[in-house]
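> Take this structure, written in structure tokens, and hold onto it; I'll ask about it next.
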């Protein structure tokens, strides 16, 4: 089955810095790669996703890049703010089937 | 707005008890999922269902069973709770539509087995 590795497990940045979280996947058939954000005590929520026919996608301060050849994808957050502090999960899927999640990255943004 | 609700936010049970966790979604989603979330281990899939009365094992089904008698409701059952099943349990739902797979999560049930 699919295996998703996520790094780093924790990431501390100063407000205004950029943050990058990286994931690799094992199954070349995977074609959908979402990122979920889970604030403390709350449910995970989708923040951005990318499909295998696209190399990069942006939404304001967040962006995701995908390298199908290397089977890795990354989340980029620019101009970080304290409210970006959360656990971020990457995932991989073959479209309409289940998601395989990475183990998560705890991002701490210090004022 | 998609709404996924879970029957309890916190639950304390004793070893050997039968435990029912219930999840309800109101958006007519075909897919429903049960995950457990443990620190450092991420979200691990226990069971999922594509339709009423259908169920599929996920990555960690041992010690659990599920029931889906109605489209909007998906129950997770711990037949004989054990201390290693102390965890946060998250339910999710999604549309069964190729190429679109956003999952909507419930608030979670924190289960403690003593």
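Chains as they are written, first to last, in our numbering: chain A, 44 to 154; chain B, 569 to 682. All residues carry an ideal CB built from backbone N, CA and C; glycine is no exception.
Mapping DSSP to helix, strand and coil, what is residue 82 of chain A?
Here residue 82 of chain A refers to the residue found at position 39 of the first chain. Coil, per DSSP.
> Beta-carbon within less than 7 Å of residue 633 of chain B's beta-carbon, same chain only, minus the 5 sequence neighbours each way: which residues are those?
Counting from one through the second chain, the residue named residue 633 of chain B turns up at place 65. Hits under 7 Å: 645 and 647.
> Measure from the alpha carbon of residue 107 of chain A to the alpha carbon of each residue in A/126, A/113 and A/76, then state which is nearest.
By 1-based counting over the first chain, the position of residue 107 of chain A is 64. Checked all of A/126, A/113 and A/76; the closest Cα to residue 107 of chain A is A/76.
> By DSSP, does residue 653 of chain B sit in helix, in strand, or in coil?
Working through the second chain from its first residue, we reach residue 653 of chain B at position 85. In the structure shown, residue 653 of chain B sits in a helix (DSSP, three-state: H, G or I).
> What first and last residue would you give for the beta strand (DSSP E) that runs through residue 59 of chain A?
Position 16 of the first chain holds residue 59 of chain A. Segment: none, residue 59 of chain A is in no beta strand (DSSP E) and carries neither H nor E.
> Based on Cα-Cα distance, which residue from B/629, B/618 and B/596 lies nearest to residue 612 of chain B?
Here residue 612 of chain B refers to the residue found at position 44 of the second chain. Of the candidates B/629, B/618 and B/596, the one whose C-alpha sits nearest the C-alpha of residue 612 of chain B is B/629.
> Under 7 Å, CB to CB, which of the residues in the region 127-146 of chain A have a partner in chain B?
132, 136, 138, 139, 141, 142, 144, 145 and 146
> Residues of the region 652-675 of chain B in Cβ contact with chain A at a cutoff of 9 Å, in chain order, please.
Result list: 658, 660, 662, 663, 664, 665, 666, 667, 668, 669, 670, 671, 672, 673, 674 and 675.
> Quick one: list the residues of chain E neighbouring residue 608 of chain B, beta-carbon separation under 9 Å, in chain order.
In summary, chain E is missing from the structure at hand, where the protein chains are A and B.
> Measure the CB-CB distance between residue 649 of chain B and residue 608 of chain B and report whether it falls below 8 Å.
The residue you call residue 649 of chain B lines up with position 81 of the second chain. The residue you call residue 608 of chain B lines up with position 40 of the second chain. Not closer than 8 Å, so no.
> Out of A/129, A/73 and A/145, which has the shortest C-alpha to C-alpha gap to residue 86 of chain A?
As a working mapping, residue 86 of chain A is identified with position 43 in the first chain. Measuring from the Cα of residue 86 of chain A, the nearest candidate turns out to be A/129.
> Since I believe residue 45 of chain A is in contact with residue 121 of chain A (beta carbons under 8 Å), could you give me their beta-carbon distance rounded to a whole number of angstroms?
Within the first chain, residue 121 of chain A is the residue found at index 78, counting from 1. Within the first chain, residue 45 of chain A is the residue found at index 2, counting from 1. With a Cβ gap of about 29 Å, residue 121 of chain A and residue 45 of chain A do not count as contacting.
> What does residue 616 of chain B touch in chain A if you count any residue whose Cβ is under 8 Å from its own?
Taking the first residue of the second chain as 1, we reach residue 616 of chain B at position 48. Going along chain A in sequence order, the residues near residue 616 of chain B (Cβ under 8 Å) are 141.
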